[in-house]
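Asker: Here this note's numbering is used: position 182 in the sequence shown is 378, and no number is missing along the way.
Think of the CB as a built atom: it goes at the ideal place given N, C-alpha and C, for glycine as much as any other residue.
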Amino acid sequence: MTGTDRPFLQLNWAARAVLALAFAAPLAGAQQADGAKPSAAPAPTQALNSVQVTGKRNGGVDPSIVTAAKDKILGRNFASSCGFMSGYSAADDDVTLAYMRDMGLLDSESNEAERFSDLSPAGNARTGGVAGPLDAPAPDPDDISGTSPAVACGAGDRRFSAGRNWIARKDKSLTQAFEAYEAGNFVEARAKFEEGWKKLGYEEAAMMLGRIQLLGLGTPANTPKAIEWLKEVVDARYDPVKDRLTFDPKKPDNINTRVEAALLLANIHLSGKGTKRNPAEAYKWWSKALDYGFEPAGTLLGQANLSGVGTKPDAGRALEFLKSAGEAGDVRALYMLGQLYHHQLPKQPAGVPLDLQRAGAYYNAAVKAGHLEATYAAARMLDLGEGLPAPAPERAVVLYKDAALKGHADAQNALATYFYSGEVVGQNLATARQLFQAAAQRRQPDAMFNLAVMLAQGQGGGKDMAAAYAWCSLSKGLGNDQASAALPALEARLTPQEKARAEAMLKPPAKKS
Numbered sequence: 197m198t199g200t201d202r203p204f205l206q207l208n209w210a211a212r213a214v215l216a217l218a219f220a221a222p223l224a225g226a227q228q229a230d231g232a233k234p235s236a237a238p239a240p241t242q243a244l245n246s247v248q249v250t251g252k253r254n255g256g257v258d259p260s261i262v263t264a265a266k267d268k269i270l271g272r273n274f275a276s277s278c279g280f281m282s283g284y285s286a287a288d289d290d291v292t293l294a295y296m297r298d299m300g301l302l303d304s305e306s307n308e309a310e311r312f313s314d315l316s317p318a319g320n321a322r323t324g325g326v327a328g329p330l331d332a333p334a335p336d337p338d339d340i341s342g343t344s345p346a347v348a349c350g351a352g353d354r355r356f357s358a359g360r361n362w363i364a365r366k367d368k369s370l371t372q373a374f375e376a377y378e379a380g381n382f383v384e385a386r387a388k389f390e391e392g393w394k395k396l397g398y399e400e401a402a403m404m405l406g407r408i409q410l411l412g413l414g415t416p417a418n419t420p421k422a423i424e425w426l427k428e429v430v431d432a433r434y435d436p437v438k439d440r441l442t443f444d445p446k447k448p449d450n451i452n453t454r455v456e457a458a459l460l461l462a463n464i465h466l467s468g469k470g471t472k473r474n475p476a477e478a479y480k481w482w483s484k485a486l487d488y489g490f491e492p493a494g495t496l497l498g499q500a501n502l503s504g505v506g507t508k509p510d511a512g513r514a515l516e517f518l519k520s521a522g523e524a525g526d527v528r529a530l531y532m533l534g535q536l537y538h539h540q541l542p543k544q545p546a547g548v549p550l551d552l553q554r555a556g557a558y559y560n561a562a563v564k565a566g567h568l569e570a571t572y573a574a575a576r577m578l579d580l581g582e583g584l585p586a587p588a589p590e591r592a593v594v595l596y597k598d599a600a601l602k603g604h605a606d607a608q609n610a611l612a613t614y615f616y617s618g619e620v621v622g623q624n625l626a627t628a629r630q631l632f633q634a635a636a637q638r639r640q641p642d643a644m645f646n647l648a649v650m651l652a653q654g655q656g657g658g659k660d661m662a663a664a665y666a667w668c669s670l671s672k673g674l675g676n677d678q679a680s681a682a683l684p685a686l687e688a689r690l691t692p693q694e695k696a697r698a699e700a701m702l703k704p705p706a707k708k709s
C-alpha cells in the first residue's frame with residue numbers, strides 16, 4: 197500500500213501472524229483517520245494563567261540594573277524643569293546641540309533643558325554662570341539675561357535636583373540590596389531596598405519590595421502590600437518615548453521594571469492569590485503592559501478576548517491583538533493565529549473562517565522563529581496535504597525530525613511510523629522502536645501502543661511480553677481504543693511470571709522514607 201491510495205499510514209501488525217490475536221491493530225500515528233487528535237494546545241484560559249515573571253537573576257548582581265536605575269534618577273528631565281550634568285551623553289554634547297540648532301531641529305536654546313552642576317545649583321554650567329553654595333539664592337526666574345536660563349528653574353527645583361544628584365552619586369543601597377537578595381538574605385535585602393526607595397525612589401527597589409512581599413521572602417506574604425509597591429512602579433513618572441520598552445523578538449523575555457510590575461499585577465488579580473480574583477483588573481494590567489511596549493501582552497489580550505477572560509468574548513478584537521503581536525514578532529501570536537485559521541483550538545470561536553493556506557503561513561512563520569508546537573502543526577498539515585494540492589510527506593518528515601529531536605512526543609511518534617514502514621525514509625525498526633519509546637516516556641498514548649506492538653513481536657529489539665502488556669495498559673489508561681481492544685488478547689498470552697513482572701512495572705513499590 198502506498199501513500200497515494202490512502203490518506204493515512206496504517207500498519208496492521210496482527211496480519212503478520214506473529215501473535216494469534218483476533219483483531220487487527222494498526223500502528224497509531226500522527227497520520228490517523230479523520231478522527232485523529234493532534235497534540236492539543238492549552239486552552240486560552242490555561243495559557244493566560246501560565247504567564248509568569250520569575251525575575252530570577254542568575255550569576256550575581258547585574259551592574260546594568262543599578263546603572264540604569266541611577267541613570268533614570270539622574271535624567272536631565274527628571275527634576276521638574278531643571279536638568280544637570282549626570283555623565284556624558286551624545287545628545288547633550290555641545291557640538292551635537294549646535295548641529296541640531298543649525299539644522300533647525302531645535303527652534304532655539306530655550307528648547308534645551310537647563311543644565312547645571314550639583315556643586316553649583318545657583319549657577320548655570322551651560323551659560324557659564326558663577327557657581328555658588330547650595331544655600332545661595334536662585335536667580336530670578338523672570339530674569340532672561342545671559343546668566344539666567346531661558347526656561348525658568350526655581351531655587352527649590354535647583355536645590356532638589358542638586359541634592360538628588362549628589363545622593364545618587366554616593367548611594368550604594370541598591371547594589372547592596374541586590375547583593376543581599378542574591379545571597380538569600382532577604383531581611384537585609386528588604387531593608388536596603390526600602391533605604392533606596394526612601395532616598396531616591398528607585399523603581400527597581402519598589403519592584404523588588406513588591407516581589408518580596410508577594411512571595412513572603414524573609415517576611416510573611418502580604419499581597420495587598422505587594423500590590424501597593426508594584427503600583428509605585430507603574431505610577432512613577434513615565435516618558436512614552438524614552439521609557440517605552442523596545443521589544444526584541446530574539447530576546448522576548450527582556451522586559452523593563454514597569455512591564456514586569458504590570459504583568460505581576462495582572463497575575464495577582466487573575467489568580468486571586470492573596471486578594472479577590474478580578475479578571476477585569478488583570479485585563480487592565482495586560483493593556484498597560486502593551487502600552488509600555490511589551491508586545492506579547494497583545495497575545496495575552498487576544499487570548500482573553502477569545503475566551504472572555506476579563507472582557508466579553510470578541511473574536512474580531514482577538515484577531516486584531518494577535519495580528520499586531522505577530523507582526524511585532526511574538527511567536528506565540530503567530531502560532532495561535534495558525535490555530536485559529538486551522539480551527540484547532542479546543543473552543544473555536546465563531547466568526548473566524550477556516551483558511552488552511554493562511555493557517556499554514558502563520559505556522560511557517562512561527563516555525564522560522566523556532567516554535568516547537570508550530571513545527572509539529574506545520575508538519576502535520578504537510579503530511580495530510582491540508583491547504584495543498586496533495587500531501588507532501590517528504591517535507592513533513594523534515595519538520596517531524598526537527599520537532600522530534602527537540603523532544604516533541606507527537607512528532608517522535610509520527611516520525612517513528614515512517615521508519616517503521618520505510619516510507620520516505622529507509623525502514624529502520626530499531627530507530628522506530630527508539631522513537632516510539634521516547635514518545636511513550638512522554639505519555640504519548642499512540643506511541644505507548646505502538647511500542648507495545650513492537651515489544652510483543654520482538655521488532656527492532658528483543659521480545660518482551662511483560663513490557664508490551666505494561667505499555668498497552670498505560671495506553672489504554674490514556675484513552676487509546678486500540679489498546680483497549682488489544683489488551684485482553686495480549687494478557688492471555690502472558691505466562692504467570694510475565695504477568696507478575698508486568699504488574700510490578702505498573703505498580704512499582706513505594707519508596708522507603
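Give the C-beta separation of aspartate 439 and arginine 454 to the nearest angstrom, bearing in mind that I take them to be a contact with Cβ-Cβ under 8 Å.
Answerer: In the sequence shown, the residue the question calls residue 439 occupies position 243. In the sequence shown, the residue the question calls residue 454 occupies position 258. Confirmed, Cβ separation roughly 7 Å.
Asker: Within the same chain, show all residues whose beta-carbon is closer than 7 Å to that of serine 669, passing over the 5 residues directly before and after it, in chain order.
Answerer: Here the question's residue 669 lines up with position 473 in the sequence shown. Hits under 7 Å: Leu683, Leu702.
Asker: Please list, in chain order, all residues of the same chain as alanine 599 whose beta carbon is under 7 Å from its beta carbon, the five residues on each side excluded.
Answerer: For the purposes of this step, residue 599 is taken as residue 403 along the sequence shown, with counting starting at 1. Hits under 7 Å: Leu568, Thr571, Tyr572, Ala575, Ala607.
Asker: With distances taken Cα to Cα, identify the nearest neighbour of alanine 718 among Ala493, Ile423, Ile408, Asn418.
Answerer: Only positions 197 to 709 of the chain appear in the structure, and residue 718 is not among them; the question remains open.
Asker: Of all the options Arg697, Asn609, Asp642, which has the alpha carbon lying nearest to the alpha carbon of threonine 627?
Answerer: In the sequence shown, residue 627 corresponds to position 431, counting from 1. For threonine 627, the nearest C-alpha among the options comes from Asn609.
Asker: What first and last residue would you give for the alpha helix (DSSP H) that runs through isoleucine 451?
Answerer: In the sequence shown, residue 451 corresponds to position 255, counting from 1. Run containing isoleucine 451: none; DSSP gives neither H nor E here.
Asker: Nearest CA to the CA of proline 436: which residue from Asp449, Leu486, Leu410, Gln409?
Answerer: Taking the sequence shown and counting its residues from 1, the one referred to as residue 436 is at position 240. The option with the nearest alpha carbon to proline 436 is Leu486.
Asker: Comparing alpha-carbon positions, which option in Ile451, Ala700, Glu477, Lys472 lies nearest alanine 462?
Answerer: Translated into positions along the sequence shown, residue 462 becomes position 266. Minimum Cα distance to alanine 462 is reached at Glu477.
Asker: Starting from the C-beta of lysine 268, find all residues in its chain whose C-beta is less than 6 Å away, skip the five residues before and the five after it, and write them out in chain order.
Answerer: The count along the sequence shown starts at 1 and reaches residue 268 at position 72. Answer for lysine 268: no residue qualifies.
Asker: For leucine 686, collect the residues of the same chain with a Cβ closer than 8 Å to its Cβ; drop the 5 residues on either side in sequence, then sort them by chain order.
Answerer: For the purposes of this step, residue 686 is taken as the residue at position 490 of the sequence shown. Counting only Cβ-Cβ distances below 8 Å, and skipping sequence neighbours, we find Leu215, Leu217, Ala648, Ala652, Met661, Ala664, Tyr665, Cys668.
Asker: May I ask you to report which of helix, strand or coil DSSP gives leucine 411?
Answerer: Translated into the one-based positions of the sequence shown, residue 411 becomes position 215. Leucine 411: helix per DSSP, three-state reduction.
Asker: Closest to lysine 543 by CA distance: which of Met577, Gly556, Ala500 is it?
Answerer: The residue you call residue 543 lines up with position 347 of the sequence shown. With distances taken between Cα atoms, lysine 543 lies closest to Ala500.
Asker: What residues in its chain sit with their C-beta under 6 Å from that of serine 369, if we drop five residues either side in the sequence?
Answerer: Residue mapping note: residue 369 aligns to position 173 of the sequence shown, counting from 1. The answer, listed in chain order, is Lys388, Glu391, Gly392.
Asker: Thinking C-alpha only, which one of Ile408, Lys484, Arg360, Ala401 is nearest glycine 380?
Answerer: Here residue 380 corresponds to residue number 184 of the sequence shown, with the count starting at 1. When only C-alpha atoms are compared, the closest one is Ile408.
Asker: In chain order, what residues of the same chain lie with their CB nearer than 7 Å to the CB of lysine 714, ignoring the 5 residues before and after it?
Answerer: Residue numbering for the chain in the displayed model covers 197 to 709; residue 714 lies beyond these limits and cannot be assessed.
Asker: First and last residue of the alpha helix (DSSP H) that includes phenylalanine 389?
Answerer: Within the sequence shown, the letter at position 193 stands for residue 389. 382 to 396 is the extent of the alpha helix (DSSP H) around phenylalanine 389.
Asker: For the alpha helix (DSSP H) that aspartate 642 lies in, which residues bound it at each end?
Answerer: Against the sequence shown, residue 642 aligns to sequence position 446. Counting along the chain, the alpha helix (DSSP H) containing aspartate 642 begins and ends at 641 to 653.
Asker: Which residue's Cα is closest to the Cα of aspartate 526: Thr442, Gly352, Ile464, His539?
Answerer: Looking up residue 526 in the sequence shown gives position 330. When each option's Cα is compared against that of aspartate 526, the closest is Thr442.
Asker: Under the assumption that arginine 554 contacts alanine 605 (Cβ atoms under 8 Å), give the Cβ distance between them as a whole number of angstroms.
Answerer: Residue 554 sits at position 358 when you count from the first residue of the sequence shown. Residue 605 sits at position 409 when you count from the first residue of the sequence shown. Not confirmed; about 27 Å, so no contact.
Asker: Can you tell me whether aspartate 449 is buried or exposed, with buried defined as 16 or more other CB within 10 angstroms of its CB?
Answerer: The count along the sequence shown starts at 1 and reaches residue 449 at position 253. Flag for aspartate 449 reads exposed.
Asker: Looking at the secondary structure, which residues open and close the alpha helix (DSSP H) in which glutamate 523 lies?
Answerer: Start at 1 with the first residue of the sequence shown, and residue 523 comes out as number 327. Where glutamate 523 is concerned, the enclosing alpha helix (DSSP H) stretches over 511 to 523.
Asker: Thinking C-alpha only, which one of Gly658, Ala635, Leu584, Arg354 is nearest tyrosine 596?
Answerer: Your numbering for residue 596 matches position 400 in the sequence shown. Out of Gly658, Ala635, Leu584, Arg354, Ala635 has the C-alpha closest to the C-alpha of tyrosine 596.
Asker: Thinking C-beta only, is leucine 533 closer than 8 Å to glycine 522?
Answerer: Residue mapping note: residue 522 aligns to position 326 of the sequence shown, counting from 1. Residue mapping note: residue 533 aligns to position 337 of the sequence shown, counting from 1. Taking 8 Å as the Cβ cut-off, glycine 522 and leucine 533 qualify as a contacting pair.
Asker: When DSSP labels each residue in this structure, what does histidine 465 get in the three-state scheme?
Answerer: Residue 465 sits at position 269 when you count from the first residue of the sequence shown. Helix at histidine 465.
Asker: Can you give the beta carbon distance from threonine 419 to glycine 470, rounded, assuming they're within the 8 Å contact cut?
Answerer: Against the sequence shown, residue 419 aligns to sequence position 223. Against the sequence shown, residue 470 aligns to sequence position 274. Correct: roughly 3 Å between the Cβ atoms.
Asker: Taking lysine 480 as part of the alpha helix (DSSP H), name the residues at either end of that continuous run.
Answerer: Counting from 1 along the sequence shown, the entry for residue 480 is found at position 284. First-last of the alpha helix (DSSP H) with lysine 480: 475 to 487.
Asker: Considering only the alpha carbon of each residue, which of Thr371, Tyr377, Leu578 lies closest to isoleucine 261?
Answerer: Working through the sequence shown from its first residue, we reach residue 261 at position 65. Comparing Cα-Cα distances from isoleucine 261 to each of Thr371, Tyr377, Leu578, the minimum goes to Thr371.
Asker: Tell me the rounded alpha-carbon separation between aspartate 551 and glutamate 619.
Answerer: The count along the sequence shown starts at 1 and reaches residue 551 at position 355. The count along the sequence shown starts at 1 and reaches residue 619 at position 423. Computed Cα separation, rounded: 29 Å.
Asker: Would you mind sorting aspartate 579 into buried or exposed? The rule is 16 or more other CB atoms within 10 Å of its CB.
Answerer: Working through the sequence shown from its first residue, we reach residue 579 at position 383. With 16 or more Cβ atoms within 10 Å of its Cβ, aspartate 579 is classed as buried.
Asker: Using only the alpha-carbon positions, how far apart do arginine 360 and arginine 433 sit?
Answerer: On the sequence shown, residue 360 is found 164 positions in, with the first residue counted as 1. On the sequence shown, residue 433 is found 237 positions in, with the first residue counted as 1. The alpha-carbon atoms of arginine 360 and arginine 433 are separated by roughly 16 Å.
Asker: In the structure shown, what three-state DSSP assignment does alanine 696 receive?
Answerer: Within the sequence shown, the letter at position 500 stands for residue 696. Reduced to three states, the DSSP call for alanine 696 is helix.
Asker: Taking the C-alpha atoms as reference points, what is the distance between alanine 524 and glutamine 655?
Answerer: By one-based count along the sequence shown, residue 524 stands at place 328. By one-based count along the sequence shown, residue 655 stands at place 459. Alanine 524 and glutamine 655: Cα-Cα distance of roughly 49 Å.
Asker: Check leucine 674 in the structure and name its three-state DSSP category.
Answerer: The residue labelled residue 674 in the question sits at position 478 within the sequence shown. Looking at leucine 674 - three-state DSSP - the assignment turns out to be coil, as it is neither helix nor strand.
Asker: Classify histidine 538 as helix, strand or coil using the three-state DSSP reduction.
Answerer: Working through the sequence shown from its first residue, we reach residue 538 at position 342. Looking at histidine 538 - three-state DSSP - the assignment turns out to be helix.
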